[in-house]
Structure formats: C-alpha cells, structure tokens
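Offset between the sequence shown (1-based) and our numbering: plus 4.
Ideal placement from N, C-alpha and C gives every residue a C-beta, glycine not left out.
Since the model is a prediction, treat every value here as computed from it, not as a measurement.
Structure, as structure tokens:
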Amino acid sequence: MKKSIKNLKNLFSVKKLISCILMLTMLTAMTACSDESGKSADEKSEIKGITGTWIEVSVYPRTLTVKEDGTYTLDEDNGKVTIDYEDHPDGSKSVWYTFTTNEGEFWTSFAKDEENEVQNDLWSGQDGEMHFMRDGIDEHLTADDYCLHTWSSGRCYITFEKSKTGYVASVKWANSAADSTQWTYNCVFDEETSSMVCKKGATRVELSTSESGKTKTKTVYKDGSGSFLIKSGTLRWTDDKEGAGNDMYLIRIDDAE
C-alpha cells in the first residue's frame with residue numbers, strides 16, 4: 005500500500021514537471037513573437053513599410069514621423085500605430101495602419117499599399133481626405149510634372165507652359181476682385197535638381213481694374229529671378245527679388261478637389 009502511494013506521488017511529480025516545462029515553452033514562444041513595446045513580429049514587419057518622415061500634401065503641410073517601435077509624431081503631437089485587418093466577403097483582407105494618440109483617441113487610419121513593401125504615399129480612410137508623401141522622393145521629376153498641373157495656394161495660382169527656349173512660369177496672385185499681381189519667369193528645367201530655374205529677366209506687373217472695366221498695368225521690375233521645386237507633392241516658389249513665395253506651399257488643383 006505504501007509503495008502504491010509512493011508511486012502515485014512520483015507520477016504526480018512527473019506530471020507537474022511536464023506541465024511546468026510546457027508552460028515555460030509557451031512563455032518563451034510568446035516572448036520571441038513580441039518585443040518590449042508589445043508589438044508582434046508581424047506588426048513590426050508591417051509598420052516597417054511606413055517608417056520614416058512624411059510631409060502632408062497641403063497648403064499648410066504637417067510633418068509625420070513613424071518610428072520602428074510603432075510610435076509616431078505629428079508636429080508637436082505623438083501617439084501609437086497599430087495594425088488592423090478588414091475582412092472582405094471573398095475571404096481576403098485589407099491592412100490598415102491605425103493612428104491613435106497617447107490618450108487613446110483615434111486620429112486617422114491609412115491603407116497599406118499591397119503592391120509595394122515600402123510605400124511612398126499615405127492616403128487616409130476610404131475617401132483619401134489626407135495625403136502624406138514620403139519626404140525626399142521627388143528627386144527624379146520631369147518637366148511634365150510641373151506643366152501638367154495648375155498649382156494653387158489661396159488666391160495664388162501658378163502654371164507652366166513650354167516655350168521656344170524652355171518654359172514659362174506664370175504666377176497670378178489676386179489681392180482682390182479688382183487688383184492682382186503677375187510674375188513671369190522664363191525658366192529652364194534643371195535635370196540635376198529636378199527644378200525650374202529662371203536666372204534673369206523675370207517681371208512683376210501689377211494690374212488694377214476700374215469700375216468701368218478698364219484695366220491699368222504697372223511694371224514693378226524686369227530684372228527678377230527665381231526657381232520652382234516640387235517637394236513631397238507640393239510646389240515651392242522661390243522669388244529671389246522680393247521673397248514673394250517664402251513659406252508658401254502650393255498644391256495641385258486636382259489634389260484640392
């Protein structure tokens with residue numbers, strides 16, 4: 005009888021040992037699949053595709069930085085990035101990057117680009133209301149990237165047209181319904197910097213329309229210069245003569261619609 009009891013105790017001890025080993029194995033596996041931030045290996049892999057610095061395509065662009073640990077900063081704000089999966093009737097899934105503040109409030113979500121491992125555009129929600137472009141991806145633009153669009157910021161509009169010697173950049177800025185200012189730059193496309201450059205001869209003309217409909221023009225100068233550069237989806241205008249385009253970010257008309 006004593007021997008049977010002893011055997012039972014030994015059996016229970018063995019089972020207890022096996023249970024402990026299994027539990028340790030499970031804990032080890034769970035630890036291997038996540039890091040200190042609580043992100044799984046799959047989540048880290050997904051987030052890696054959008055890590056970096058992003059510039060909003062907007063008249064007043066914000067800077068978004070996504071870090072590999074799944075945190076982000078938006079100008080002065082910060083928070084966390086998580087992965088959500090949207091199920092479809094055909095059994096497929098869509099991946100969404102969900103951004104929440106440190107207080108747990110939802111900010112927005114961006115769809116994952118399923119065709120590219122590292123994506124260069126972030127479009128928010130189903131309607132794409134917000135658009136961010138990866139900073140520094142506009143290095144190999146062509147002249148068509150300037151000419152095929154009208155660029156705007158408030159009452160300022162810029163267009164580019166091909167000319168016999170290069171390209172003409174026309175800047176029209178309406179001060180009111182009756183008064184406006186126009187700049188004209190004869191540019192060449194600089195392939196090295198992917199920018200439109202005017203080295204001399206730019207003009208500035210002021211226009212005013214009277215109540216009778218008569219328009220008067222006044223040439224302010226004819227010796228200006230400047231340049232234009234598309235950066236992260238927005239057009240930057242540099243006016244060397246007076247700095248008229250300083251701190252201005254112009255977006256394409258089709259982006260504003």
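CA-CA distance, residue 113 to residue 136, rounds to 12 angstroms. Boundaries of the alpha helix (DSSP H) around residue 149: 148–151.
Annotated three-state conformation of residue 79 is coil, per DSSP.
With contacts defined as CB atoms closer than 7 angstroms, residue 232 and residue 178 fail to qualify as a contacting pair. For residue 208, the enclosing beta strand (DSSP E) stretches over residues 199–213.
Rounded to whole angstroms, the separation of the alpha carbons of residue 93 and residue 162 is 46 angstroms. For residue 122 and residue 95, the gap between their C-alpha atoms comes out near 25 angstroms. Boundaries of the beta strand (DSSP E) harbouring residue 190: 183–194, taken from the DSSP string. In this structure, the straight-line span from the alpha carbon of residue 66 to that of residue 155 is close to 19 angstroms.
With distances taken between CA atoms, residue 196 lies nearest to 145 out of 131, 74, 140, 145.
When the beta-carbon positions are compared, residue 229 and residue 251 stay at least 7 angstroms from each other. Closest option to residue 164, judged by alpha-carbon separation, among 133, 111, 239: 239.
Out of 89, 50, 63, 64, the CA that lies nearest to the CA of residue 70 is found in 50.
Residue environment for residue 237: buried (at least 16 other C-beta atoms within 10 angstroms of its C-beta). Straight-line measurement puts the Cα of residue 86 at about 48 angstroms from the Cα of residue 170. In its chain, beyond the 5 residues on either side, 66, 67 have a beta carbon closer than 7 angstroms to the beta carbon of residue 79. Annotation for residue 60: 66, 136 place their beta carbon closer than 6 angstroms to its own, counting only its chain and skipping 5 residues before and after.
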